[in-house]
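*Asks:* One structure, as structure tokens, below. Some questions next.
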Amino acid sequence: MRKNLRIFLYFSIWMAVCLVAVVLNIINVDWSHTNIVNGIFIVVVLGILQGSVFEFPVQTIVTLIVGGDRRENEKAPADRLTLVLNYNLLATSKDDIDECFETMYEAFIGNLGPNVSAVLVSATNDEELKKYELEKRDTNRAIIYDELFREGISFSQGDYESMDSQRLKNVWQIYENIDPTVFVREYLDDICDKYAREFMVLHRVSRVVRKCGQYQDLMLLSEGESEAYSYCDPEYYGKNARPYGQPLFHASDDVDNVFERKFDYTLVLDADTGVPRGAVTELLQIAAANPERGIIQPAIKLHCKSNDTIFMHLESMRQGIYEPMTNAITAFLGQSGFFGKGLIKNSVYIDKVIGTKDKLIERVPVDVLSHDTFEAAILQPLYAGSVYLLEAPSYNYITWNIRERRWNRGEILLAMYFWPNAFGRPMRFLQKIFQRESFNMTKVRTPSKLDFVSSYIAHSALRQMFMKPLLLLYIILHISVHLRYRYASIIIVMFMVLVFPKFATCNRKNFKGVLFETISSICQFTPEALVGTVRICRSWAANISPNVKWIPQRAVEEEFKHSNPFVSSMKHLWGYSLFALIASIAVGLFLEQAILVVIMFGSLFLLPFYTGFTSLSSNFKCSCVRERRDSYRVNIEDGLQIISTTGMYRSLGTLTNNSFKYDPFIYKSAK
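Take the sequence shown: its position 71, counted from the start at 1, is 158 in the working numbering, and no numbers get skipped.
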């Protein structure tokens with residue numbers, strides 16, 4: 088079936104179901120006992136709400152028809168393609184840096200090859216933290232050198248079984264015809280040093296365009312541009328514009344190493360995004376078979392350990408349950424969104440998103456948070472569901488709520504650019520009033536024109552976000568409207584959202600998990616009509632307020648790890664419980680037939696208890712501080728035996744900690 092026909096069928100079925108629902112809603116209203124204005128109002132509200140909700144059953148039907156299995160993408164040889172693993176960090180503590188370097192090391196060492204580099208682009212401000220980042224880089228370089236040196240010794244002795252099979256193929260095999268003694272004395276040090284140098288840290292000068300600007304500047308540096316030429320025009324960006332000709336990065340050997348390397352691809356990653364062993368090779372092979380694609384979007388897999396919180400396991404379970412629908416819809420529509428983490432083709436990205444000195448494009452707005460929406464609209468990512476990146480789920484409901492609020496703020500900013508007159512102008516007017524001297528008027532240089540499918544994908548999060556205030560509005564309105572089947576509409580809505588999609592994903596193997604996740608979703612999302620609306624209001628206020636302060640997710644995690652989760656949950660959510668208690672009493676005294684309101688307030692009252700329970704570990708015990716990096720952190724004096732004579736560790740620079748010690752046994756055994 089051709090793509091255009093598939094798209095026509097998909098949206099035609101969706102619209103037809105919505106129209107049928109509107110007709111049934113009109114019939115369901117008892118107009119003889121209902122005020123005409125209230126009746127029309129609830130039909131409109133319910134029609135919009137159900138219009139968003141019926142997206143789920145349509146996706147379910149598509150999944151049942153085309154199948155939710157992972158598609159194997161076409162692949163081609165990619166031996167000549169180069170790639171940089173790009174981690175982006177804005178650290179506020181050493182824990183942030185430790186976590187990022189742990190993840191970056193595992194990604195680099197697990198995908199080591201002659202065409203792979205790893206670069207952390209840091210926007211950290213604190214000078215002490217910057218120094219710590221360089222210390223961590225040097226320590227990791229030492230670990231990489233030591234790991235490769237030991238492996239090189241094994242290779243020279245023919246002990247292939249003790250070596251990593253992937254590195255044996257990608258790193259060592261080309262040296263198999265060299266005499267072992269010559270290899271150890273003349274080649275091994277240079278090989279280890281070369282790969283250690285490819286583990287780099289760049290400190291960015293500007294913070295313009297946030298994370299998106301970090302990897303944009305990395306691409307430009309790789310192409311031979313060391314000074315800023317993008318986002319420098321005050322006419323478009325006001326006070327957010329950076330000086331033309333400003334260095335992209337603070338001078339360092341790593342900057343010189345990246346300059347004019349002309350990497351073919353950049354694998355953009357967050358500080359906590361893991362890359363499985365061998366994933367880089369697979370992504371490059373898919374990219375080689377699809378050279379016209381600007382973005383290859385791998386699947387995102389939420390992973391957690393056995394002793395992580397119940398909430399983390401639920402999030403991972405939920406993602407696994409809905410993965411088949413993602414596979415089916417991206418295959419059916421032939422297009423995917425960009426999740427902010429994926430493989431970007433540098434030349435295509437620069438040509439279509441950034442532009443050149445002579446012809447600037449700058450499609451990403453300078454103040455936007457959800458940059459990936461604009462990038463996806465232009466580059467139309469190819470979904471590679473057979474390859475996945477790793478990401479940790481939210482620790483508990485509180486950190487999930489913080490993340491959702493941040494995303495909601497980004498979606499509101501997007502709406503200002505999607506509808507510049509209807510929504511953008513009123514928002515700018517309010518910003519000007521509340522921000523006063525700090526107000527900064529910005530414009531996008533090149534507006535992005537979205538086709539029909541791109542618009543559908545781009546507005547997906549907005550549709551889901553505004554379902555919550557619409558649901559709250561319906562719950563309030565239904566009190567004053569006489570319906571023939573009073574609870575039919577809300578039952579259908581909840582069924583379509585929480586139950587019907589499971590028909591496409593439930594099977595004998597996962598039915599227990601599906602049942603558990605469904606019950607959990609009812610507990611978590613029933614209060615969302617009110618909590619989600621409050622979240623949107625706070626996000627909207629953050630976009631017009633001059634002073635915005637977010638609670639760091641890591642701080643919340645540490646609080647829960649060091650205290651009773653039920654006490655901490657009540658500390659964060661007591662206001663909702665108190666409001667629910669008072670409101671429930673008022674509803675019981677003054678309103679009749681308000682069972683939906685009572686159910687909403689009841690679930691809202693219990694929200695702290697749900698949060699506390701799901702903050703327990705999977706064995707129903709309070710979480711405690713764990714050694715999260717046992718496999719990575721090594722005691723430098725006792726755990727590492729690293730060759731570091733004066734001339735050997737050329738890649739390390741000056742180590743500020745204890746020097747690494749030479750292990751004579753390894754070197755003698757090589758001889």
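The beta-carbon is built from N, C-alpha and C at its ideal position, and this holds for glycine as well.
This structure is a prediction, so every number in the text was calculated from the model and none was measured.
If I measure Cβ to Cβ from G442 and keep anything under 6 Å in the same chain, skipping five residues before and after, which residues do I get?
*Replies:* For this step, residue 442 is matched to residue 355 along the sequence shown. Taken in chain order, the residues that qualify are I448.
*Asks:* Using the Cβ count rule (16 or more neighbours within 10 Å means buried), how would you classify C105?
*Replies:* Translated into positions along the sequence shown, residue 105 becomes position 18. That one is buried.
*Asks:* Nearest by alpha-carbon distance to S626: which of P201, G134 and M552 is it?
*Replies:* Counting from 1 along the sequence shown, the entry for residue 626 is found at position 539. Per the Cα distances, M552.
*Asks:* Short of 7 Å in beta carbon distance, which residues of its chain neighbour L401, apart from the five on each side in sequence? Order them along the chain.
*Replies:* If you number the sequence shown from 1, residue 401 lands on position 314. Only E604, S607 and T701 meet the Cβ criterion.
*Asks:* Among F688, L694, L275 and N202, which residue has its Cα nearest to the Cα of V171?
*Replies:* Taking the sequence shown and counting its residues from 1, one reaches residue 171 at position 84. Selected option, being the one with the closest Cα: N202.
*Asks:* Once you ignore the five residues that flank E314 on each side, which residues in its own chain have a CB closer than 7 Å to its CB?
*Replies:* As a first step, residue 314 is located in the sequence shown; it is residue number 227 there, counting from the start. These residues qualify, in order along the chain: G332, Q333, P334 and L335.
*Asks:* Jot down the residue ranges of each uninterrupted alpha helix (DSSP H) in the segment 171-212, minimum 4 residues, whole runs only, in chain order.
*Replies:* Correct list: 181-197.
*Asks:* Give me the residue from L564, F539, I382 and L501 with the minimum Cα distance to S434.
*Replies:* For the purposes of this step, residue 434 is taken as the residue at position 347 of the sequence shown. Checking every option, the nearest Cα to that of S434 belongs to I382.
*Asks:* Which residue's Cα is closest to the Cα of L693: N495, L703 and A667?
*Replies:* Taking the sequence shown and counting its residues from 1, the one referred to as residue 693 is at position 606. Selected option, being the one with the closest Cα: A667.
*Asks:* What does a CB cutoff of less than 7 Å around P556 pick up in its chain, not counting 5 residues either side in sequence?
*Replies:* Working through the sequence shown from its first residue, we reach residue 556 at position 469. Once the five neighbours on either side are set aside, the close Cβ partners of P556 are T620 and I623.
*Asks:* When DSSP builds the beta bridges, which residues end up paired with D291?
*Replies:* As a position in the sequence shown, residue 291 is number 204, starting the count at 1. Before going further, note that residue 291 is Arg rather than Asp in the sequence given. BP columns for R291 point to F336.
*Asks:* What residues in its chain sit with their C-beta under 7 Å from that of F95, if we drop five residues either side in the sequence?
*Replies:* Here residue 95 refers to the residue found at position 8 when the sequence shown is read from its first residue. For F95, where only same-chain residues beyond five positions count, there are no Cβ hits under 7 Å.
*Asks:* Evaluate the contact criterion for the segment 341-358 versus the segment 182-197: three or more CB pairs, one atom per stretch, below 8 Å.
*Replies:* Touching, yes.
*Asks:* Could you tell me which of V295, E310, Y302 and V674 sits nearest to D320, measuring between CA atoms?
*Replies:* Taking the first residue of the sequence shown as 1, we reach residue 320 at position 233. With distances taken between Cα atoms, D320 lies closest to V295.
*Asks:* Let me check understanding here. Comparing Cα to Cα, which of I489, N651, C593 and I682 lies closest to E410?
*Replies:* Taking the sequence shown and counting its residues from 1, one reaches residue 410 at position 323. When only C-alpha atoms are compared, the closest one is C593.
*Asks:* Can you give the Cα-Cα distance for A386 and N115, rounded to whole angstroms?
*Replies:* Your numbering for residue 386 matches position 299 in the sequence shown. Your numbering for residue 115 matches position 28 in the sequence shown. Distance between the alpha carbons of A386 and N115 is about 42 Å.
*Asks:* Compare the C-alpha of L151 against each of V635, N634, A591 and P652 and name the closest.
*Replies:* Here the question's residue 151 lines up with position 64 in the sequence shown. The residue with the shortest Cα to Cα distance from L151 is A591.
*Asks:* For W487, does the count of other Cβ atoms within 10 angstroms reach 16, so buried, or fall short, so exposed?
*Replies:* For the purposes of this step, residue 487 is identified with residue 400 of the sequence shown, where counting begins at 1. Looking at its Cβ environment, which holds 16 or more other Cβ atoms inside 10 Å, W487 is buried.
*Asks:* Which residue's Cα is closest to the Cα of R329: R291, M306 and M250?
*Replies:* For this step, residue 329 is matched to residue 242 along the sequence shown. It is R291.
*Asks:* Are three or more beta carbon pairs between the segment 465-480 and the segment 370-377 nearer than 8 Å?
*Replies:* The answer is yes - the segment 370-377 touches the segment 465-480, with three or more Cβ pairs under 8 Å.
*Asks:* If you follow the alpha helix (DSSP H) that L96 is in, where does it begin and where does it stop?
*Replies:* Translated into positions along the sequence shown, residue 96 becomes position 9. First-last of the alpha helix (DSSP H) with L96: K90 to N115.
*Asks:* Give me whichever residues DSSP pairs with I384 in a beta bridge.
*Replies:* Taking the first residue of the sequence shown as position 1, residue 384 is located at position 297. A small correction: the amino acid at residue 384 is Gln; Ile does not occupy that position in the sequence shown. Answer is Y470.
*Asks:* What do you reckon, are the CB atoms on V474 and A366 nearer than 8 Å?
*Replies:* The residue given as residue 474 occupies position 387 in the sequence shown. The residue given as residue 366 occupies position 279 in the sequence shown. Going by C-beta atoms, V474 is nearer than 8 Å to A366.
*Asks:* For the beta strand (DSSP E) containing V355, name the first residue and the last one.
*Replies:* Mapped onto the sequence shown, residue 355 falls at position 268. Where V355 is concerned, the enclosing beta strand (DSSP E) stretches over Y352 to L356.
*Asks:* Does DSSP classify G442 as helix, strand or coil?
*Replies:* Here residue 442 is taken as the residue at index 355 of the sequence shown, counted from 1. Strand at G442.
*Asks:* Could you say which of G421, F141 and Y232 lies nearest to L92 if we only look at CA atoms?
*Replies:* Position 5 of the sequence shown, counting from 1, holds the residue named residue 92. Comparing Cα-Cα distances from L92 to each of G421, F141 and Y232, the minimum goes to G421.
*Asks:* Please report the distance separating the alpha-carbon of I485 from that of E347.
*Replies:* Numbered from 1 along the sequence shown, position 398 holds the residue referred to as residue 485. Numbered from 1 along the sequence shown, position 260 holds the residue referred to as residue 347. Each residue's Cα considered, the two are about 44 Å apart.
*Asks:* Cα separation between K223 and M287?
*Replies:* Stepping through the sequence shown from its first residue, residue 223 is reached at position 136. Stepping through the sequence shown from its first residue, residue 287 is reached at position 200. Approximately 10 Å, taken between the alpha carbons.
*Asks:* Secondary structure at Y475, three-state DSSP: helix, strand or coil?
*Replies:* Numbered from 1 along the sequence shown, position 388 holds the residue referred to as residue 475. Three-state DSSP puts Y475 in a strand.
*Asks:* Measure the Cβ-Cβ separation of Y232 and A283 and say whether it is below 8 Å.
*Replies:* As a position in the sequence shown, residue 232 is number 145, starting the count at 1. As a position in the sequence shown, residue 283 is number 196, starting the count at 1. Closer than 8 Å, so yes.
*Asks:* Between V145 and A418, which are expected to be in contact by the criterion C-beta below 8 Å, what is the C-beta distance as a whole number of angstroms?
*Replies:* Here the question's residue 145 lines up with position 58 in the sequence shown. Here the question's residue 418 lines up with position 331 in the sequence shown. That pair is no contact at about 15 Å.
*Asks:* My assumption, with CB atoms under 8 Å, is that L133 sits in contact with S576. Please give the rounded CB distance.
*Replies:* The residue labelled residue 133 in the question sits at position 46 within the sequence shown. The residue labelled residue 576 in the question sits at position 489 within the sequence shown. About 6 Å separates the two Cβ atoms, so the contact holds.
*Asks:* Spatial neighbours of G138 within its chain, please: C-beta separation below 7 Å, excluding the five flanking residues on both sides.
*Replies:* Mapped onto the sequence shown, residue 138 falls at position 51. So the qualifying residues of the chain are C105.
*Asks:* Let's see if you can read the secondary structure: which residues bound the alpha helix (DSSP H) around I240?
*Replies:* Here residue 240 refers to the residue found at position 153 when the sequence shown is read from its first residue. It spans E214 to S243 - the alpha helix (DSSP H) in which I240 sits, taken as one unbroken run.
*Asks:* I need the straight-line Cα distance from I520 to F582, nearest angstrom please.
*Replies:* Taking the first residue of the sequence shown as position 1, residue 520 is located at position 433. Taking the first residue of the sequence shown as position 1, residue 582 is located at position 495. Computed Cα separation, rounded: 43 Å.
*Asks:* Bridge partners for I431 per DSSP, in chain order?
*Replies:* Translated into positions along the sequence shown, residue 431 becomes position 344. T353 and I382, per the DSSP bridge assignment.
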